[in-house]
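Beneath this line is the structure, given in structure tokens, with notes to follow.
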Amino acid sequence: MTVVVAAYNTGETLHELVRSLDGQSMPQEHFEVVVVDDGSTDGTGEVLDVLAAQRPNWVVRHIPNSGWPGTPRNVGLELATGEYVTFVDHDDFLGRDGLATACAFARQHHSDVVVAREVGVGRSIGRFMFTRNEPDATFENSPIVRLLTPHKLYRREMLRKNGIRFPEGKVRLEDHLFTMAAYFAAERISIYADHPFYYWTRREGTAHASLDLKDPHEYVEVALNRVLDLVEEHVPPGPRRDRIKAHWLERKLLPIVARAPMLEYPPEYRAEVVWAARALVDQRYPPDADRELHFSARVRVHLLRAGATEALMALARTEQAITTRAVAEQVSWGQEEVEIGLRVELLHRDGQPVEFAEEGGRLRWVPRESLDDPSLDLDVTDEVQRASVLLVVGRRDGDDDFAVTVPGGVVTGEAGAGGRRELVFTGVAHVPLDRMLRLAGTRGRAVLDVRTETEVLGWRSLRRVEAGDAEVSAMSPPVAAAGLTAYRTTKGNLSLRRDAPAKEKAEPRSRASWGRRVARRAVRVARSVRRGYGRR
1256 MTVVVAAYNT
1266 GETLHELVRS
1276 LDGQSMPQEH
1286 FEVVVVDDGS
1296 TDGTGEVLDV
1306 LAAQRPNWVV
1316 RHIPNSGWPG
1326 TPRNVGLELA
1336 TGEYVTFVDH
1346 DDFLGRDGLA
1356 TACAFARQHH
1366 SDVVVAREVG
1376 VGRSIGRFMF
1386 TRNEPDATFE
1396 NSPIVRLLTP
1406 HKLYRREMLR
1416 KNGIRFPEGK
1426 VRLEDHLFTM
1436 AAYFAAERIS
1446 IYADHPFYYW
1456 TRREGTAHAS
1466 LDLKDPHEYV
1476 EVALNRVLDL
1486 VEEHVPPGPR
1496 RDRIKAHWLE
1506 RKLLPIVARA
1516 PMLEYPPEYR
1526 AEVVWAARAL
1536 VDQRYPPDAD
1546 RELHFSARVR
1556 VHLLRAGATE
1566 ALMALARTEQ
1576 AITTRAVAEQ
1586 VSWGQEEVEI
1596 GLRVELLHRD
1606 GQPVEFAEEG
1616 GRLRWVPRES
1626 LDDPSLDLDV
1636 TDEVQRASVL
1646 LVVGRRDGDD
1656 DFAVTVPGGV
1666 VTGEAGAGGR
1676 RELVFTGVAH
1686 VPLDRMLRLA
1696 GTRGRAVLDV
1706 RTETEVLGWR
1716 SLRRVEAGDA
1726 EVSAMSPPVA
1736 AAGLTAYRTT
1746 KGNLSLRRDA
1756 PAKEKAEPRS
1766 RASWGRRVAR
1776 RAVRVARSVR
1786 RGYGRR
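For reference, each letter of the sequence shown is one residue, going 1256 to 1791 in the working numbering.
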């Protein structure tokens, strides 16, 4: 197993990565660390040399500054000797059991690529990818196209045989090009969800990277077209190609023309971006391929084709205000699970429902701001039942969590005067007790907070679950709960906790578990401000 790290002016955040590598449950002699210093000027190179001198499984190579991660990653790949290789950004870190468990899973299933569980630190990563293990993941049965970071396990021989390398120089979406090439070359792609593998961080200094003005030529006309060329090279025309290509339209192109960041752009820049995006859509996305998009993306692409910049801005303002409210209406303990009955409402941030009109058995969205286009199809009838809700249980003192799918469905209710309707998802989550206990750990006090991650009509929302009228404090958990109880927080939300036994409360701080120390460090990491390779 080889861990490749491209480093540049990393500063103190390097030590977080080092601690996570030193703390791996996989024996150090079973993996190697190849760090390529891309011409650092802040002393990072010298620090790396000292670290390598103290660690027999480390290799450090210094190269002239290339200015982008592709070259140092490729150098690291050439030096790698492991059966599998993974690429770790210099300011991220790995889960304690990450290498051991993901590598064992890869070998067990003879995987060429393993999409191992990523956890966001200071950023949100959709949990939809990691609700369960999937040994045979495909574009059809899984969302692998929606997570194209290089923080995966790749069979090194597969990369070598197919000549798969990162593009070098300043290339936007270089991770997409590399990972998609690996996906197309792989005989088996797997998803591993059982243990956190990778902690993907966002520093305060880069928290607003999404507001950076992307060069329309560099990003739209070059980078996106290059990825789409790769897809079209490997996938013949038809619904499958349309389905795969839809990811870049919905997740990469349309967000820069009709989401909240666009409202911050100067008018001349908006016009330039809309022109470039419209040209790419006209060239690469015929209208009949819109069937692969969620409702909100279909609305945006319709307005984009019409060149309706002001309507796009109205849509951005409207969608920016859409959120959800999640309420636990029932909580009950079983011997092996906790059942949580949920009600999730689609709302505006002022608490008023998102409104729909019901006409002739069809349901149509009524946006708060007029989009001023009579030809725009706002019918959502066929899509509302595809809404998905995950129940997310996470430690309050860190970023570790897990998610379970909530079976249920969408109903409509009265939304006030005028006969308008609102959307409400109802369902029951079955939360395995053993997963909660594993998350809580075996030592010390633990608090687990409960959230929902909702995707409906292309809108996504992560919200705390309110306790509602559920009698959480009166419930009697089974003996198997090992002291884990549910309670209502002072803000009225649902949480679970397990208090430390008296003898543990008196133990010295230095004996805290590795997992809790990492969790606390993760919080500190998220607050630190370091400069290096920016997120693209």
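Note that beta-carbon positions come from the ideal geometry of N, C-alpha and C, so glycine has one too.
Owing to the predicted nature of the structure, the values given are computational and were not obtained by experimental measurement.
Per DSSP, residue i is paired with what?
i       : result
Tyr1263 : According to DSSP, which records beta bridges pairwise, Tyr1263 is partnered with nothing at all.
Asn1748 : Glu1721
Pro1622 : None; Pro1622 has no bridge partner.
Tyr1438 : Its beta-bridge partners do not exist; DSSP assigns none.
Ser1643 : Glu1710
Thr1740 : Arg1752
His1796 : As displayed, the chain neither begins before 1256 nor continues past 1791, which places residue 1796 out of reach and without an answer.
Val1727 : Answer is none; Val1727 lacks a bridge partner.
Gly1375 : Trp1455
Glu1638 : BP columns for Glu1638 are empty, so no partner.
Glu1519 : Its beta-bridge partners do not exist; DSSP assigns none.
Thr1807 : Only positions 1256 to 1791 of the chain appear in this structure, which leaves residue 1807 out of reach.
Ala1701 : Arg1753
Gly1649 : Asp1656, Asp1704
Asp1292 : Ala1262, His1317
Val1370 : Ile1446
Pick from the options: whose alpha carbon is nearest that of residue i?
i       : options                            : result
Ile1511 : Tyr1474, Asp1543, Arg1481          : Tyr1474
Ser1366 : Val1374, Val1340, Pro1494          : Val1340
Gln1257 : Thr1265, Met1568, Gly1353          : Note that residue 1257 corresponds to Thr in the displayed sequence, not to Gln. Ranking the options by Cα distance to Thr1257, first place goes to Gly1353.
Leu1402 : Ile1419, Glu1395, Arg1316, Phe1383 : Phe1383
Lys1507 : Thr1707, Pro1494, Ala1532          : Ala1532
Val1486 : Ile1499, Glu1476, Pro1494          : Ile1499
Asp1347 : Leu1558, Val1400, Leu1276          : Leu1276
Ala1566 : Val1586, Ser1625, Glu1613          : Ser1625
Gly1350 : Met1281, Glu1592, Leu1332          : Met1281
Pro1494 : Leu1739, Tyr1447, Val1374, Glu1547 : Glu1547
Ala1534 : Val1659, Pro1471, Met1568, Ala1670 : Pro1471
Thr1800 : His1345, Asn1312, Asp1605, Glu1338 : Absent from the model: residue 1800. The displayed extent of the chain is 1256 to 1791, so no value can be given.
His1317 : Glu1301, Glu1287, Ile1419          : Glu1301
Val1330 : Arg1719, Arg1525, Arg1415          : Arg1415
Ala1563 : Pro1622, Ala1526, Thr1579, His1549 : Ala1526
Gly1634 : Thr1356, Pro1327, Pro1622          : What sits at residue 1634 in the sequence shown is Asp, not Gly. Checked all of Thr1356, Pro1327, Pro1622; the closest Cα to Asp1634 is Pro1622.
Asp1654 : Ser1643, Ala1695, Ala1440          : Ala1695
Leu1646 : Val1536, Ala1755, Glu1708          : Glu1708
Ser1587 : Pro1687, Ser1630, Trp1530, Ala1513 : Pro1687
Leu1631 : Gly1663, Val1554, Val1679, Val1665 : Val1554
His1489 : Tyr1438, Lys1425, Val1528, Asp1449 : Tyr1438
Glu1284 : His1685, Trp1313, Leu1272, Ile1577 : Trp1313
Ala1440 : Arg1457, Ile1419, Thr1456, Gly1664 : Ile1419
Leu1717 : Arg1496, Arg1328, Val1582, Leu1332 : Val1582
Ala1357 : His1450, Arg1496, Pro1405, Ala1307 : His1450
Leu1306 : Thr1393, Gly1673, Leu1272          : Leu1272
Arg1481 : Val1426, Leu1332, Asn1417, Asp1605 : Val1426
Asp1297 : Thr1265, Pro1319, Val1315          : Thr1265
Arg1693 : Asp1724, Gly1668, Arg1650          : Arg1650
Compute the beta-carbon to beta-carbon distance between residue i and residue j, rounded to the nearest angstrom, for a pair I have assumed lies under 8 Å.
i       : j       : result
Ala1571 : Met1517 : 5 Å
Gly1325 : Phe1421 : 4 Å
Arg1743 : Val1702 : Contact doesn't hold; Cβ gap of about 13 Å is too wide.
Glu1610 : Glu1677 : 7 Å
Val1644 : Gly1682 : 6 Å
Gly1377 : Arg1457 : 4 Å
Gln1607 : Ala1515 : Actually they do not touch by this definition, with Cβ atoms about 19 Å apart.
Val1727 : Met1691 : In fact, because the Cβ distance is near 14 Å, the residues do not count as touching under 8 Å.
Thr1792 : Trp1323 : Look at the range of the chain in this structure, 1256 to 1791, and you will see that residue 1792 is not part of it.
Gly1810 : Phe1550 : The question about residue 1810 has no answer, for the chain in this structure spans 1256 to 1791.
Asp1627 : Arg1700 : At roughly 55 Å, the Cβ-Cβ gap does not stay under 8 Å, so Asp1627 and Arg1700 are not in contact.
Thr1579 : Arg1604 : Not a contact, Cβ separation roughly 10 Å.
Pro1732 : Thr1745 : Rounded, the Cβ-Cβ distance is 21 Å, inconsistent with contact.
For the ligand PLP, is there any heavy atom lying closer than 7 Å to the beta carbon of residue i?
i       : result
Pro1733 : Among the components of this structure there are no ligands whatsoever, and the ligand PLP is therefore not found.
With three or more beta-carbon pairs closer than 8 Å as the criterion, would you say the region 1438-1449 touches the region 1371-1388?
yes
Go through the region 1384-1440 residue by residue and report every complete run of the beta strand (DSSP E) that reaches 3 residues or more, in order.
1389-1392, 1408-1410
Determine, using beta-carbon pairs with one atom in the region 1524-1542 and one in the region 1600-1611, whether at least three such pairs fall under 8 Å.
no
May I ask you to verify whether the region 1611-1619 touches the region 1584-1599, counting CB pairs closer than 8 Å and requiring at least 3?
no
Can you find at least 3 beta carbon pairs, one from the region 1657-1672 and one from the region 1628-1638, that sit closer than 8 Å?
no
What are the uninterrupted segments assigned as beta strand (DSSP E) that are 3 or more residues long and contained completely in the region 1301-1358, given in chain order?
1313-1318, 1339-1344
Touching by the beta-carbon criterion (3+ pairs, under 8 Å), the region 1404-1422 and the region 1430-1439:
yes
Curious, which full-length alpha helix (DSSP H) runs of at least 4 residues does the region 1545-1631 contain?
1550-1560, 1564-1575
Is the region 1385-1393 touching the region 1424-1431, taking contact as three or more C-beta pairs under 8 Å?
no
At least three beta-carbon pairs within less than 8 Å, the region 1288-1307 to the region 1355-1362
no
In chain order, which beta strand (DSSP E) runs of at least 3 residues are fully inside the region 1654-1680?
1656-1660, 1663-1669
Taking only runs that begin and end inside the region 1494-1542, name each unbroken alpha helix (DSSP H) of 4 or more residues, in chain order.
1494-1503, 1509-1513, 1522-1539
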